[in-house]
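Written out below as structure tokens is the structure these notes cover.
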Amino acid sequence: MNGQPSERRSRAYLSALGTTQLHLRNPWIIAFFSFSFPGFGYLMLERYLVAFIFIGWEVFINTKSNINAGILYTLLGDFERAKQLLDERWLILYVSIYLYNIWDSYRLTVDLNKQYLLADREDTPLRAFKFASTDINFLDKKNPVLALVWSVLAPGVGHLYVHKVITGFFIFGATISLIVMSNIPLAIQYTATGHFELAKKVLNMQWTLYLPSMFAFIYYDAYISAVELNKLFEKEQSKYLRQRYQDPAFPMPLPDGESPCT
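Quick note on this note's numbering: the sequence shown kicks off at -17 and runs consecutively.
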């Protein structure tokens, strides 16, 4: 009557580009992915704009300060070489943003978990279908193993399978860019022909070291997204059935002339 929405909190929003939803997440896992690659924690929370800004910041500052190369030489025990490569001017700018990503993604996950519990208790109706001029999105069952397998075969495709279009195409483009920048195709070619020294020489480890964090995120997020979308589908179906189908114990009307005692 006063123009206010009927529900206070919603558990999910369907659009042509995907399904944004609240669900319980482990804050430590989100913080870990922010630790491994700043911005990935926000991407798992589906805060796309913030995520892409921080991912771009991470790649820019990491490349300018040679952090990945410094990590590599530190692990190899060549500490002098690591110190020579690191650029302290850019490194100082990196630390504060890096720590903020870890802290804020943990804090935000805790807060969103609380919001989810309140929204789940409110049990507002969920939208199951979305038509748009560009795409169709709807709630249905997904196979988490298939999402994982497709992510292994072609990073980004697993996210497209669960209809996370923005994340899927971002991953697809970012993975190809990193593989090309790190010269992995050329290194594989030299390795296959037995030229191992050339393979090691052409491999750009500054870009290659982005890939382990990238692949870990892709596989985990694709699998979990499928699992949580299945839960959302079940909640929507349960709500619909509770509203539309009556209790089997409901006393049915008796036929004409029949006594209730018979």
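Note that the Cβ used here is the ideal one computed from N, Cα and C, for glycine as well.
Beta-bridge partners of Q3, as assigned by DSSP:
For the purposes of this step, residue 3 is taken as the residue at position 21 of the sequence shown. Partner(s): A(-6).
Residues near G138 in its chain [Cβ-Cβ closer than 7 Å; skip 5 each side]:
For the purposes of this step, residue 138 is identified with residue 156 of the sequence shown, where counting begins at 1. These residues qualify, in order along the chain: G150, F151, I153, F154, T157.
Go ahead and pull the three-state DSSP assignment for N95.
Walking along the sequence shown from the start, residue 95 turns up at place 113. In the displayed model, N95 falls within a helix according to three-state DSSP.
In terms of residue numbering, what span does the beta strand (DSSP E) encompassing N119 cover?
Along the sequence shown, read from residue 1 onward, the residue named residue 119 stands at position 137. 118 to 120 is the extent of the beta strand (DSSP E) around N119.
Counting only the same chain and skipping the five closest in sequence on each side, list residues whose C-beta sits under 7 Å from that of H145.
Locating residue 145 in the sequence shown gives position 163, counting from the first residue. The residues are G0, T1, N119.
Cβ of F19 within 7 Å of Cβ of S164?
Along the sequence shown, one-based indexing puts residue 19 at 37. Along the sequence shown, one-based indexing puts residue 164 at 182. No, Cβ-Cβ distance for F19 and S164 is not below 7 Å.
Kindly indicate the opening and closing residues of the beta strand (DSSP E) around F113.
Along the sequence shown, one-based indexing puts residue 113 at 131. F113 -> beta strand (DSSP E) spans 111 to 113.
Is the distance from the Cβ of Y82 to the Cβ of P9 below 7 Å?
On the sequence shown, residue 82 is found 100 positions in, with the first residue counted as 1. On the sequence shown, residue 9 is found 27 positions in, with the first residue counted as 1. For Y82 and P9, no; Cβs fall outside 7 Å.
In three-state DSSP terms, what is S16?
Position 34 of the sequence shown, counting from 1, holds the residue named residue 16. Here DSSP, grouped into helix, strand and coil, assigns S16 to helix.
On the three-state DSSP scale, how would you describe Y172?
Numbered from 1 along the sequence shown, position 190 holds the residue referred to as residue 172. Y172 falls in the helix class under three-state DSSP.
For a test of the three-state rule: what should DSSP assign to V209, helix, strand or coil?
On the sequence shown, residue 209 is found 227 positions in, with the first residue counted as 1. Here V209 sits in helix by DSSP.
Taking contact to mean at least 3 C-beta pairs separated by less than 8 Å, is the stretch 102 to 120 in contact with the stretch 72 to 79?
no
Output the distance between the C-alpha atoms of A208 and L4, rounded to the nearest integer angstrom.
Position 226 of the sequence shown holds residue 208. Position 22 of the sequence shown holds residue 4. Roughly 14 Å between the two C-alpha positions.
Whole angstroms are fine: how far does the CA of Q225 sit from the CA of K124?
To locate residue 124, count along the sequence shown from 1; it is residue 142. To locate residue 225, count along the sequence shown from 1; it is residue 243. If I take the Cα positions, the gap works out to 25 Å.
When you compare only the Cα positions, how much space is there between S(-8) and A101?
Mapped onto the sequence shown, residue -8 falls at position 10. Mapped onto the sequence shown, residue 101 falls at position 119. About 6 Å.
Quick one: using the 10 Å Cβ neighbour count with 16 as the cut-off for buried, is A114 buried or exposed?
Here residue 114 is taken as the residue at index 132 of the sequence shown, counted from 1. Result: exposed.
Can you tell me which of A204, G176, I200, Q188 puts its alpha carbon nearest to the alpha carbon of N48?
Locating residue 48 in the sequence shown gives position 66, where the first residue counts as 1. Residue Q188 is the option with its Cα nearest to N48.
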